[in-house]
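Undergrad:
Number of protein chains: 2
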Amino acid sequence: MKILIVEDEPKTGSYLRQGLGEAGYVVDLVDNGFDGLHQAESGEYDLVVLDVMLPGLDGWQVLQGLRRGHPHLAVLFLTARDQVEDRVKGLELGADDYLVKPFAFAELLARVRTLLRRGRAPSEPSVLRAADLEVDLLRRRVTRAGQRIELTAKEYALLELFLRRRGEVLPRSLIASSVWDMNFDSDTNVVDVAVRRLRLKIDNDFEPRLIQTVRGMGYVLDVPA
Amino acid sequence: MKILIVEDEPKTGSYLRQGLGEAGYVVDLVDNGFDGLHQAESGEYDLVVLDVMLPGLDGWQVLQGLRRGHPHLAVLFLTARDQVEDRVKGLELGADDYLVKPFAFAELLARVRTLLRRGRAPSEPSVLRAADLEVDLLRRRVTRAGQRIELTAKEYALLELFLRRRGEVLPRSLIASSVWDMNFDSDTNVVDVAVRRLRLKIDNDFEPRLIQTVRGMGYVLDVPA
DNA sequence: CCTCGACAATCAAAATCTTCATCGTCTCTC
DNA sequence: GAGAGACGATGAAGATTTTGATTGTCGAGG
Numbered sequence: 489m490k491i492l493i494v495e496d497e498p499k500t501g502s503y504l505r506q507g508l509g510e511a512g513y514v515v516d517l518v519d520n521g522f523d524g525l526h527q528a529e530s531g532e533y534d535l536v537v538l539d540v541m542l543p544g545l546d547g548w549q550v551l552q553g554l555r556r557g558h559p560h561l562a563v564l565f566l567t568a569r570d571q572v573e574d575r576v577k578g579l580e581l582g583a584d585d586y587l588v589k590p591f592a593f594a595e596l597l598a599r600v601r602t603l604l605r606r607g608r609a610p611s612e613p614s615v616l617r618a619a620d621l622e623v624d625l626l627r628r629r630v631t632r633a634g635q636r637i638e639l640t641a642k643e644y645a646l647l648e649l650f651l652r653r654r655g656e657v658l659p660r661s662l663i664a665s666s667v668w669d670m671n672f673d674s675d676t677n678v679v680d681v682a683v684r685r686l687r688l689k690i691d692n693d694f695e696p697r698l699i700q701t702v703r704g705m706g707y708v709l710d711v712p713a
Numbered sequence: 489m490k491i492l493i494v495e496d497e498p499k500t501g502s503y504l505r506q507g508l509g510e511a512g513y514v515v516d517l518v519d520n521g522f523d524g525l526h527q528a529e530s531g532e533y534d535l536v537v538l539d540v541m542l543p544g545l546d547g548w549q550v551l552q553g554l555r556r557g558h559p560h561l562a563v564l565f566l567t568a569r570d571q572v573e574d575r576v577k578g579l580e581l582g583a584d585d586y587l588v589k590p591f592a593f594a595e596l597l598a599r600v601r602t603l604l605r606r607g608r609a610p611s612e613p614s615v616l617r618a619a620d621l622e623v624d625l626l627r628r629r630v631t632r633a634g635q636r637i638e639l640t641a642k643e644y645a646l647l648e649l650f651l652r653r654r655g656e657v658l659p660r661s662l663i664a665s666s667v668w669d670m671n672f673d674s675d676t677n678v679v680d681v682a683v684r685r686l687r688l689k690i691d692n693d694f695e696p697r698l699i700q701t702v703r704g705m706g707y708v709l710d711v712p713a
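Here the protein sequences line up with chains S and D, keeping their order. Residue numbers for the first sequence follow the numbering used here, beginning at 489 and rising by one. Residue numbers for the second sequence follow the numbering used here, beginning at 489 and rising by one.
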């Protein structure tokens with residue numbers, strides 16, 4: 489499997505090359521849009537990892553150029569923290585997946601694997617809903633009854649977990665392990681506190697209440713019957 | 489490979505059983521010291537995961553009893569957050585490794601694998617040093633010139649990283665990925681700030697300075713020539 | 001030798017997370 | 001249905017972390 493990395497920042501570039509190399513892929517690295525497009529068009533790659541911010545041609549121009557001749561080449565693009573619109577634009581232009589800097593390498597590797605396994609990914613649905621609550625995964629943006637709601641990192645992680653497993657009762661231990669990456673603790677109530685904070689933001693001023701407590705079991709998010 | 493879990497807290501116990509089961513081990517679970525010791529003595533297990541806090545016989549008593557007849561059975565014991573002395577005591581009594589609650593399941597699995605692979609683990613050195621700086625990994629305790637120094641979680645993680653790779657220049661990106669589990673970010677100076685905080689605690693009031701800045705490259709911890 | 005630009009250090013404010021103690025409420029038992 | 005005990009909710013303090021702006025410093029090029 490051969491991967492092309494288009495990334496101008498040297499540190500990031502070499503990190504990616506090394507990491508993916510060690511993961512067993514053949515990796516080429518170029519540091520600008522022109523070379524990126526040119527190389528990618530050679531047809532020898534299975535996947536392109538594309539930074540958006542590039543000197544010369546930027547990421548979208550490369551993507552656009554590429555899609556003309558190679559509609560099926562998998563493209564994973566990297567976007568900066570706040571350039572949220574970028575992601576949307578990127579996907580519209582035909583990228584297959586995106587990743588927001590900073591990200592963990594494990595995350596990147598997981599996506600690369602997915603893309604290579606199933607070829608161009610049918611992008612997963614980008615909005616989760618429950619009643620009038622909406623979570624736009626792309627923009628990391630949450631609204632309820634049309635009202636924008638700001639969440640912190642943990643709150644967002646927690647909400648996403650709830651929504652992805654809507655209707656399931658999630659034990660505290662499961663929540664702890666997903667959101668905090670730690671399990672098996674008895675003497676802490678971080679989960680409770682986090683749920684409370686989340687409730688204050690998404691459930692307090694609205695109806696119906698979505699997050700319910702199941703005594704002795706955990707919490708569920710669902711629209712009450 | 490067969491594992492015995494001795495854990496009285498039901499949630500933790502079943503979580504462990506399920507997790508290790510899914511990882512491909514045969515698992516038995518008991519919830520008290522008496523049964524734990526009795527079962528373990530049967531000789532059919534390759535590893536015992538032992539909680540310290542137990543009704544009836546506590547973890548150490550089990551361990552002690554066990555070591556009499558089965559000096560080579562691998563034992564991994566679980567200790568609560570602050571009961572630091574427990575760990576020392578545990579290792580002295582012949583446990584092979586320990587884990588502090590709360591911990592990530594991945595962590596547990598890693599240790600279980602290590603123990604099963606190489607049998608009873610030659611416990612790794614438990615103190616790291618550089619000049620008059622000492623880090624006791626078991627107690628998570630840091631001293632410089634004999635003076636106790638309190639570190640936060642991140643500070644400790646950072647220091648441990650530095651010490652484990654003493655003399656190596658660590659690029660910011662590497663530090664970010666190890667301590668924060670995130671890479672590839674340019675527009676943040678968390679690493680710088682963290683290094684500063686650490687320096688304030690371990691380097692500011694002492695000689696020689698251990699953490700050095702290598703311009704354009706990163707940071708090193710070493711005793712200056 | 002001086003200046004400029006890149007890189008680091010520093011500082012303080014703001015955001016976030018964790019802990020802890022207390023209070024309320026549910027459930028089981030008698 | 002009253003009481004006890006477990007479980008969850010709540011509030012607020014405290015600690016930690018992150019962010020952003022500012023200041024300082026090194027090194028290359030003129």
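The beta-carbon is built from N, C-alpha and C at its ideal position, and this holds for glycine as well.
1. I'd like the list of long-range same chain contacts for residue 632 of chain D, defined as Cβ closer than 7 Å, with 5 residues on each side in sequence excluded.
2. Tell me, please, whether the CB atom of residue 503 of chain S is closer than 8 Å to any CB atom in chain D?
3. Tell me where the beta strand (DSSP E) around residue 591 of chain S begins and ends.
4. When DSSP builds the beta bridges, which residues end up paired with residue 586 of chain D?
5. Alpha helix (DSSP H) containing residue 639 of chain S: first to last residue?
6. Counting beta carbon pairs with one atom in the region 548–567 of chain D and one in the region 577–590 of chain D, are three or more of them shorter than 8 Å?
7. Assuming residue 547 of chain D and residue 540 of chain D form a contact by the criterion Cβ under 8 Å, report the distance between their Cβ atoms to the nearest whole angstrom.
8. Ends of the alpha helix (DSSP H) at residue 500 of chain D?
9. Between which two residues does the alpha helix (DSSP H) harbouring residue 523 of chain S extend?
10. Measuring straight from C-alpha to C-alpha, what distance separates residue 497 of chain D and residue 658 of chain D?
11. Taking the alpha helix (DSSP H) that residue 581 of chain D belongs to, which residues open and close that run?
12. For a test of the three-state rule: what should DSSP assign to residue 684 of chain S, helix, strand or coil?
13. What span of residues does the alpha helix (DSSP H) with residue 556 of chain S cover, start to end?
14. Is it buried or exposed for residue 688 of chain D, if we count other Cβ within 10 angstroms and need 16 for buried?
15. With the cut-off set at 8 Å, would you say residue 535 of chain D and residue 603 of chain D are in Cβ contact?
16. Quick one: what does DSSP say residue 574 of chain D is sitting in, helix, strand or coil?
17. Is residue 676 of chain S helix, strand or coil by DSSP?
18. To the nearest angstrom, how far is the alpha carbon of residue 593 of chain S from that of residue 629 of chain S?
19. How should residue 528 of chain D be labelled, buried or exposed, when 16 other C-beta atoms within 10 angstroms of its C-beta is the threshold for buried?
20. Which residues in the same chain as residue 576 of chain S place their Cβ atom closer than 8 Å to its Cβ, once the five residues preceding and following it in sequence are excluded?
21. How far does the beta strand (DSSP E) with residue 535 of chain D in it extend, from its first residue to its last?
22. Among all the DSSP beta bridges, which residues are the ones paired with residue 616 of chain D?
23. Decide if residue 590 of chain S is buried, meaning its Cβ has at least 16 other Cβ atoms within 10 Å, or exposed.
24. Quick one: Cα of residue 523 of chain D to Cα of residue 502 of chain D, how far?
25. Helix, strand or coil, according to DSSP, for residue 644 of chain S in the structure here?
26. Take residue 563 of chain D as the anchor and find which of D:699, D:615, D:706 and D:490 has the nearest alpha-carbon.
27. CB-CB under 6 Å to residue 516 of chain S, same chain, minus the five flanking residues each way: which ones, in chain order?
28. Let me make sure I understand the geometry here. Which of S:637, S:713, S:707 and S:664 has the alpha-carbon closest to that of residue 676 of chain S?
29. Give the secondary structure of residue 667 of chain D by DSSP, where H, G and I count as helix, E and B as strand, and everything else as coil.
30. Report the residue from D:588, D:643, D:531 and D:618 whose alpha carbon sits nearest the alpha carbon of residue 655 of chain D.
31. Helix, strand or coil, according to DSSP, for residue 600 of chain D in the structure here?
TA: The short version:
1. Counting from one through the second sequence, the residue named residue 632 of chain D turns up at place 144. The beta carbon of residue 632 of chain D sits closer than 7 Å to the beta carbons of 620, 621, 690 and 694 from its chain, once the five residues preceding and following it are set aside; these are given in chain order.
2. The count along the first sequence starts at 1 and reaches residue 503 of chain S at position 15. In terms of beta-carbon proximity, residue 503 of chain S lines the interface with chain D, with at least one pair separated by less than 8 Å.
3. Here residue 591 of chain S is taken as the residue at index 103 of the first sequence, counted from 1. Note, residue 591 of chain S: premise wrong, no beta strand (DSSP E); not H, not E.
4. Against the second sequence, residue 586 of chain D aligns to sequence position 98. As a beta-bridge residue in DSSP terms, residue 586 of chain D pairs with D:565.
5. On the first sequence, residue 639 of chain S is found 151 positions in, with the first residue counted as 1. First-last for residue 639 of chain S: undefined, no H or E at that position.
6. Touching, yes.
7. Position 59 of the second sequence, counted from the start, is the residue given in the question as residue 547 of chain D. Position 52 of the second sequence, counted from the start, is the residue given in the question as residue 540 of chain D. Yes, they are in contact, since the Cβ atoms of residue 547 of chain D and residue 540 of chain D sit about 4 Å apart, within 8 Å.
8. Here residue 500 of chain D refers to the residue found at position 12 of the second sequence. Residue range 498–510 is occupied by the alpha helix (DSSP H) that includes residue 500 of chain D.
9. Taking the first sequence and counting its residues from 1, one reaches residue 523 of chain S at position 35. Element bounds for residue 523 of chain S: 521–529.
10. Residue 497 of chain D sits at position 9 when you count from the first residue of the second sequence. Residue 658 of chain D sits at position 170 when you count from the first residue of the second sequence. Taking the Cα positions, residue 497 of chain D is about 42 Å away from residue 658 of chain D.
11. The count along the second sequence starts at 1 and reaches residue 581 of chain D at position 93. Premise fails: residue 581 of chain D is in no alpha helix (DSSP H) and is neither H nor E.
12. As a position in the first sequence, residue 684 of chain S is number 196, starting the count at 1. In the three-state scheme derived from DSSP, where H, G and I count as helix and E and B as strand, residue 684 of chain S is classed as helix.
13. Translated into positions along the first sequence, residue 556 of chain S becomes position 68. In the DSSP assignment, residue 556 of chain S falls within the alpha helix (DSSP H) that extends over 547–557.
14. The residue given as residue 688 of chain D occupies position 200 in the second sequence. With fewer than 16 Cβ atoms within 10 Å of its Cβ, residue 688 of chain D is classed as exposed.
15. Reading the second sequence from its first residue, position 47 is the one you call residue 535 of chain D. Reading the second sequence from its first residue, position 115 is the one you call residue 603 of chain D. A contact, by the Cβ cut-off of 8 Å.
16. Mapped onto the second sequence, residue 574 of chain D falls at position 86. Helix.
17. Residue numbering aside, residue 676 of chain S sits at position 188 when the first sequence is read from its first letter. In this structure, residue 676 of chain S counts as coil in the three-state DSSP scheme.
18. Position 105 of the first sequence, counted from the first residue, corresponds to residue 593 of chain S. Position 141 of the first sequence, counted from the first residue, corresponds to residue 629 of chain S. Per the coordinates, the alpha-carbon of residue 593 of chain S lies some 24 Å from the alpha-carbon of residue 629 of chain S.
19. Translated into the one-based positions of the second sequence, residue 528 of chain D becomes position 40. Around the C-beta of residue 528 of chain D, 16 or more other C-beta atoms lie within 10 Å, and the residue is accordingly described as buried.
20. The residue given as residue 576 of chain S occupies position 88 in the first sequence. Excluding the 5 residues flanking it on each side, residue 576 of chain S has same chain C-beta neighbours closer than 8 Å at 626 and 627, in chain order.
21. Residue mapping note: residue 535 of chain D aligns to position 47 of the second sequence, counting from 1. Its beta strand (DSSP E) spans residues 535–539.
22. On the second sequence, residue 616 of chain D is found 128 positions in, with the first residue counted as 1. In DSSP, residue 616 of chain D forms a bridge with D:623.
23. If you number the first sequence from 1, residue 590 of chain S lands on position 102. Buried: at least 16 other Cβ atoms inside 10 Å.
24. Position 35 of the second sequence, counted from the first residue, corresponds to residue 523 of chain D. Position 14 of the second sequence, counted from the first residue, corresponds to residue 502 of chain D. C-alpha separation (whole angstroms): 17 Å.
25. As a position in the first sequence, residue 644 of chain S is number 156, starting the count at 1. When secondary structure is reduced to three states using DSSP, residue 644 of chain S falls in the helix class.
26. In the second sequence, residue 563 of chain D corresponds to position 75, counting from 1. For residue 563 of chain D, the closest of D:699, D:615, D:706 and D:490 by C-alpha to C-alpha distance is D:490.
27. Residue mapping note: residue 516 of chain S aligns to position 28 of the first sequence, counting from 1. 492, listed in sequence order.
28. As a position in the first sequence, residue 676 of chain S is number 188, starting the count at 1. Closest in alpha carbon position to residue 676 of chain S, among S:637, S:713, S:707 and S:664, is S:664.
29. For the purposes of this step, residue 667 of chain D is taken as residue 179 along the second sequence, with counting starting at 1. Residue 667 of chain D falls in the helix class under three-state DSSP.
30. Looking up residue 655 of chain D in the second sequence gives position 167. Relative to the Cα of residue 655 of chain D, the nearest Cα in the group D:588, D:643, D:531 and D:618 belongs to D:618.
31. For this step, residue 600 of chain D is matched to residue 112 along the second sequence. In this structure, residue 600 of chain D counts as helix in the three-state DSSP scheme.
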